[in-house]
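*Asks:* Residue numbers (numbering that gives the first Met the number 0): 0 to 150. Cβ atoms here follow ideal geometry from the backbone N, Cα and C, with glycine treated the same way. Please see the structure below; I have some questions.
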Amino acid sequence: MHLRIVAAGKLRDPAAAAVCAEFQKRLRAYHRIEVTEVRASSGSDPARAIREEGERLLKAAGDGVLWALDRTGTELSSEELSARIIELESQGRPLTLAIGGTFGLAQDVRARADFVWSLSKLTFLHEWARMIVLEQLYRAAKIARSEPYHH
């Protein structure tokens, strides 16, 4: 299956970048994984930044199945995530996950999304959200194949 992550902003924290790189490497044994970073907006106008980043995320996401990451979305257990990915994989459908920037995710991205996924009701740094998404995608792949990792 082809998994794509489109994210606003670069990973600036070396530790976060290392964790993401490790889980991308692990995921390659199960899925084709691609991460695209779009330019984060700068300035002190959060509404403008969200709008601009949303436009960039949607352009980078292209067509196909889109999941938006947003704390207002639906929470999934790791097993439920695995089942949803198995279903998409059986349909031959690639999955793109959109992660907003510092100020959050544009309403346009949520509206275009086929599913809005909440990692938690808590607010995470967007860098941490990317780490959690990659780890959960890896966990889902291990669950799907009944391989040890998930407890």
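Skipping 5 residues on each side, what residues in its chain have a beta carbon closer than 8 Å to that of A48?
*Replies:* For A48, where only same-chain residues beyond five positions count, the Cβ hits under 8 Å are A39, S40, S41, G42, G100, T101 and F102.
*Asks:* Specify, as a first and last residue, the run of the beta strand (DSSP E) that S76 falls within.
*Replies:* Segment: none, S76 is in no beta strand (DSSP E) and carries neither H nor E.
*Asks:* Among the candidates E21, L136, G53 and L87, whose CA atom is the shortest distance from the CA of A6?
*Replies:* Measuring from the Cα of A6, the nearest candidate turns out to be G53.
*Asks:* Tell me the DSSP secondary structure of G61 in three-state form.
*Replies:* Looking at G61 - three-state DSSP - the assignment turns out to be coil, as it is neither helix nor strand.
*Asks:* Leaving aside the five residues before and after P147 along the sequence, list all residues of the same chain whose C-beta is less than 8 Å from its C-beta, in chain order.
*Replies:* Contacts found: K141.
*Asks:* What is the DSSP secondary structure of F114, counted as helix, strand or coil?
*Replies:* Three-state DSSP puts F114 in a strand.
*Asks:* Provide the residue(s) that pair with H30 in DSSP beta bridges, ordered along the chain.
*Replies:* BP columns for H30 are empty, so no partner.
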